[in-house]
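Residue numbers (the working numbering), protein chains in the order written: chain A, 1 to 342; chain B, 1001 to 1342.
Glycine included, C-beta positions come from ideal geometry on N, C-alpha and C.
Input: a single structure, listed below in C-alpha cells.
2 protein chains.
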Amino acid sequence: MNSENVTIYDIASDAGVSIATVSRVLRGEASVSEATRKKVLDAIERRNYRPSSIARGLSSRTTHSLGIVLPKLLNPHYAMIFTGAQEEARKLGYTMSLFPWSSLDTREYNPAAMLAERRLDGLIVCVEYLPPDHDERVLSALQDLRQYMPVVLIGCVPPSYDFPSVSNNNAAMMEEIVRYLASLGHEKIAFIGGVREDHDPLRRDVGYENGLRDARLPYVSSYRVYCRGTAEDGAAAFTGMLSSLKREYWPTAVIALNDLVAMGCMASARDLGLAIPEQLSVIGCDNLFCTPYLVPPLTSINTHQQRTGTRAVQLLISGENKKETADWELVERASCAHAPKS
Amino acid sequence: MNSENVTIYDIASDAGVSIATVSRVLRGEASVSEATRKKVLDAIERRNYRPSSIARGLSSRTTHSLGIVLPKLLNPHYAMIFTGAQEEARKLGYTMSLFPWSSLDTREYNPAAMLAERRLDGLIVCVEYLPPDHDERVLSALQDLRQYMPVVLIGCVPPSYDFPSVSNNNAAMMEEIVRYLASLGHEKIAFIGGVREDHDPLRRDVGYENGLRDARLPYVSSYRVYCRGTAEDGAAAFTGMLSSLKREYWPTAVIALNDLVAMGCMASARDLGLAIPEQLSVIGCDNLFCTPYLVPPLTSINTHQQRTGTRAVQLLISGENKKETADWELVERASCAHAPKS
DNA sequence: GGCTATAATGATAGCGCTTTCATAATCAGA
DNA sequence: TCTGATTATGAAAGCGCTATCATTATAGCC
C-alpha cells in the first residue's frame, strides 16, 4: 500500500547495525546493549516498521495461529465455543482463524488441503453427529490433517477416534434431568434427541433410558423422537409426537436436544393450547442468551461452552492427549413445574 | 508432526523435474506438458504433499487471507455479518480470520501491530459507537493499518473517516418506523437509541425526530432515552422512562435500538403488567433468529446483515472506494398493533 | 601486560516457495 | 537442412525473517 514495505534491512541500515541485531531486539533477546536497543527501537518507530509474520513463520517454522472448524456460527452455541477458544488463544499469544465445517466435508476438492496448507500451529474441530458415510471421510480428513498439526476435537467424538477432546457427558446430563423431572412428579417424560447420535459413546438417549429406569418409570417408545437441531424441527417433532398419541397419554414434560428445539416445542405447545409449565414442563440445553426472555423463561442446562473452547485451546497448546468431559449444571427457570394433578 | 515436512524439492526429485516445474503445476500454468504434469501430480499424491502457504505468501507477497474485526460474536448480529463475509471470502478463494475489537482498542500494546504483522490481503472493521477518546485512537489505528492492507468499514462510520464502507441508513429506517407506528394510530412513541451515536451521520434519533415531524406528532424529550445494546440495559432504560412518567403519559409504542433491547422492554412491560401489543407496541431491529419465538413474536427490521458482510468483502477485493448503504425491510409480527382507544 | 571469560555484534545459511531469465527441445515454413 | 518461432524446462535470485557460528570489544584476573 502507501509506504513501500519497510523490512528489517531498512531498520538495520537506519540504526547502523546488522539485521541480526534488529532481529534480537524484535525478539526481546537480552544480549543487546541498551544503547543499541534504543537506536533500533527509534528506527522502528520512525519508519513505523512491523515485522512480517509470514517471513517470521517461514524461518521459525511456527505461525502462532490456530484454527477452529465448526458447523455454523449463527448458532450461538458455537459462537460461545468460539469465543472461549479465541480468548484463550489470544491470552497465549495466538490468533484464531475460523473455518466452516464444509472445509472438511466437501468433495469439491481435497477436504483438508486448504487447512493443511495454512501450516497452523493447531486445529480445533467441532464434530457434530455425522451421517455414516461422512463419518469415514471426516475421519480420514482428520488423520490427514494430523500429519501437519495437532488436532483437538470438541463435541461428539466416536470412540474409534483417537484424538484429544473435550466433550459433554450427555448421558449423565440426561440421567440427571430425568431424575429432576421425576422428582417433580412427572411420569410421562418425552425426549427429543438429535439424529445420528449412534456414534456418541455418551449419547443422550442412553442417559434418558437409564434415568427412567432409576426413577422406576416405564420406557414408552412413542415418547422418544429425534430431530435435527433447529426450532422448526423441534416444533415438527413435538407436534408429530402428540398427534400420534391420545390426549390422555400426552407427556407432561419434554426434554429437548437444545434450546432451539425447546423453543420449537414451546411454540408448538402454545398452538395446541397447552399451558407451560402448568400442563407441560419444558427443558432445553445450552442456556442461550434468549432463554430468560422466553415466556415462560426456559429452564436449561449450562454446558459452559466458553470453557469448553478454552480447554480445547489449552489441550492443543500443551499437547496433552486427554479426553476430557465438560461439566454442566441445571439452570432452573419457570418452564418446569410439578406435574399436573390429574 | 508425523511425516517430516515434504517440500517442493522432494516432489521435484521424486518426479525427476526441477522445482520450477513443480511450481508451475501447482499454480496450474499451461506451459507444462501433459506427461510432466502427470509425473508431478503422481509424486504429490504419493507423498501427500501440501505446499506451504507461508512460503508461498512470502515469495508471492499475497496471502489470500482476510481479516474481520468485530466487537463480539456472541451477539448474533455480528455472527450474521461474519457469516456473510466468510462465505463470500471463501467463494473468492480467501480465508477469513476473526479478531476481537480489543485488537484495535487496547493500550496494552500497539493496537494495530498484530494485525499489521499478519500481512492480510484486506481487513473489514465493524465500527461501533465509540466514546470520544476511543474514536481518535481507533482512527489512528485504522490509518496505520491502511498502510499495510486495504480496509473496509461496516457500521457507524463518522463522516471524517475516509474509508470505503457499508452502513445502515438508520435515519431513514427510523423515519419509516415512526411513520408505520403513526399509521397505526400511535401518538406517544418512545425511542431507545444507542449511546454515543453522535458521530453517525445517519443517526437514528435524527430519523426519529424527522419521523415525528412528518407525522405531525409532538416531540417529547422524556420519550427519548439511550442505552447500550443489551437486553438488561434495554429493560432498565424502559423501566426508567416509565417510572419518570405519569401513567397517562406512558407511551403506547416503543422503538428499540435492536432486538436485544426490545426483549428487555418486553420483559419490563410484562413486569409492569402492560399487555403487548394491546397496551404497548414494541419494535426491534436485526430480526434475530429468536424473534419469532418471543411472546408475542417481535416485529423487527431485517437489515440483511449477511449481505452487508458479503458486500464488504466484495468492496475489499475489488478495491472500489465506495460508501454503500444496506437496504432493509420491516418484518411485521404480532408485537405491534393499533394504538389503544383510550 | 598478557590471557581468558563474557558480553555484544556481524556474516551468512537457510525456511519453501515464486518468478524472472536463460536454455533446450520441438516444429513450421522456406 | 536450416532459420526463427514457439513450447517446455531448468538455474538461480529473491521474499523477509530466524538462528547458528564466528568475530570483536570489554572486563577481570594473575
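Quick check on DSSP: helix, strand or coil for residue i?
i, result
"Glu1187/B", "coil"
"Thr252/A", "coil"
"Tyr1109/B", "Residue placement at Tyr1109/B is flagged as unreliable, the pLDDT there being 49, under the threshold of 50; the coordinate-derived value follows with that caveat. The answer is coil: DSSP assigns Tyr1109/B none of H, G, I, E or B."
"Pro100/A", "strand"
"Gly1193/B", "strand"
"Thr230/A", "coil"
"Arg1047/B", "helix"
"Asn1170/B", "helix"
"Leu1120/B", "coil"
"Cys1029/B", "According to the sequence as given, residue 1029/B is Glu; it is not Cys. It is coil, neither helix nor strand."
"Cys285/A", "coil"
"Ile1019/B", "helix"
"Leu153/A", "strand"
"Thr1325/B", "strand"
"Leu1041/B", "helix"
"Ala1125/B", "With the sequence shown as reference, residue 1125/B is identified as Val, and Ala is not the correct amino acid for it. Strand."
"Val1138/B", "helix"
"Thr83/A", "helix"
"Ser52/A", "coil"
"Thr299/A", "strand"
Within a Cβ cutoff of 6 Å, which residues of the same chain sit near residue i, ignoring the five residues on either side of it in sequence?
i, result
"Asp14/A", "Ala43"
"Asn1321/B", "Pro1164"
"Ser3/A", "In this prediction, Ser3/A has a pLDDT of 49, which is less than 50 and means its spatial position is unreliable; what the coordinates show is noted afterwards. Same-chain partners within the cutoff: there are none."
"Val1331/B", "Asn1287, Ser1300, Asn1302"
"Lys1188/B", "Pro1251, Thr1252"
"Pro1159/B", "Pro1201"
Thinking just about the alpha-carbon of each residue, which of the options is nearest to the one in residue i?
i, options, result
"Val1069/B", "Leu74/A, Gln86/A, Val166/A", "Gln86/A"
"Arg1203/B", "Ile1019/B, Gly1155/B, Phe1238/B", "Gly1155/B"
"Pro251/A", "Ala231/A, Pro100/A, Gln279/A, Val295/A", "Gln279/A"
"Val1282/B", "Glu1045/B, His1064/B, Val1220/B, Phe1191/B", "Phe1191/B"
"Arg1050/B", "Lys1246/B, Ile1011/B, Leu1260/B, Val1125/B", "Ile1011/B"
"Ser59/A", "Phe99/A, Arg47/A, Arg119/A, Tyr148/A", "Arg119/A"
"Leu1139/B", "Ala1275/B, Val1127/B, Leu1212/B, Phe1082/B", "Val1127/B"
"Val1040/B", "Ser1052/B, Arg1056/B, Thr1021/B", "Thr1021/B"
"Val1313/B", "Pro1296/B, Arg1270/B, Thr1095/B", "Thr1095/B"
"Ala1116/B", "Leu66/A, Gly84/A, Ile54/A, Arg247/A", "Ile54/A"
"Val152/A", "Thr325/A, Asp144/A, Val166/A", "Val166/A"
"Val1225/B", "Ala1231/B, Glu1232/B, Asp1205/B", "Asp1205/B"
Who are the Cβ neighbours of residue i in its own chain at under 7 Å, not counting the five residues just before and after it?
i, result
"Trp328/A", "Asn168, Met173, Ile301, Asn302, Thr303, His304"
"Ser1268/B", "Ala1235, Phe1238, Thr1239"
"Thr1007/B", "none"
"Thr36/A", "Val17, Thr21"
Going along chain A, which residues have a C-beta under 7 Å from residue i?
i, result
"Phe1082/B", "Leu73"
"Ile1054/B", "Ile54, Gly57, Leu58, Thr63, Arg119"
"Pro1051/B", "Glu117"
"Ala1267/B", "Tyr293"
State yes or no: is the C-beta of residue i nearer than 7 Å to some heavy atom of the ligand HEM?
i, result
"Val1157/B", "This structure lacks the ligand HEM; in fact it carries no ligand of any kind."
Name, please, each residue of chain B whose Cβ falls closer than 8 Å to the Cβ of residue i.
i, result
"Asn48/A", "Asp1144, Gln1147"
"Met263/A", "Cys1290, Tyr1293"
To the nearest angstrom, how far is it from the Cα of residue i to the Cα of residue j?
i, j, result
"Glu1045/B", "Asp1121/B", "30 Å"
"Gly273/A", "Ile1177/B", "33 Å"
"Arg1307/B", "Met1080/B", "9 Å"
"Ile1317/B", "Thr1063/B", "13 Å"
"Val1157/B", "Pro1201/B", "8 Å"
"Gly1229/B", "Val1261/B", "6 Å"
"Lys72/A", "Phe1082/B", "11 Å"
"Tyr1180/B", "Gly1207/B", "13 Å"
"Arg333/A", "Pro277/A", "10 Å"
"Ala112/A", "Gly1067/B", "21 Å"
"Leu245/A", "Ser222/A", "8 Å"
"Pro1076/B", "Gly1284/B", "14 Å"
"Arg213/A", "Ser1065/B", "53 Å"
For residue i, go through chain B and note every residue whose CB falls closer than 7 Å to its CB, in chain order.
i, result
"Pro277/A", "Chain B residues near Pro277/A: none, gap ~14 Å exceeds 7 Å."
"Val295/A", "Val1295"
In its own chain, which residues sit with a C-beta less than 8 Å from the C-beta of residue i, not counting the 5 before and 5 after it?
i, result
"Tyr1109/B", "The pLDDT assigned to Tyr1109/B is 49, lower than 50, so where the model puts this residue is not dependable; a value taken from the coordinates is nonetheless given after this. Cβ within range, chain order: n/a, list empty."
"Glu1209/B", "Tyr1219"
"Tyr1009/B", "Ile1019"
If the cut is a Cβ gap below 9 Å, which residues of chain A does residue i touch?
i, result
"Gln1305/B", "Those do not exist, as Gln1305/B stays about 10 Å from chain A at its closest Cβ, beyond 9 Å."
Check the Cβ of residue i against every Cβ in chain A and list those closer than 8 Å, keeping chain order.
i, result
"Met1096/B", "Ser97, Leu98"
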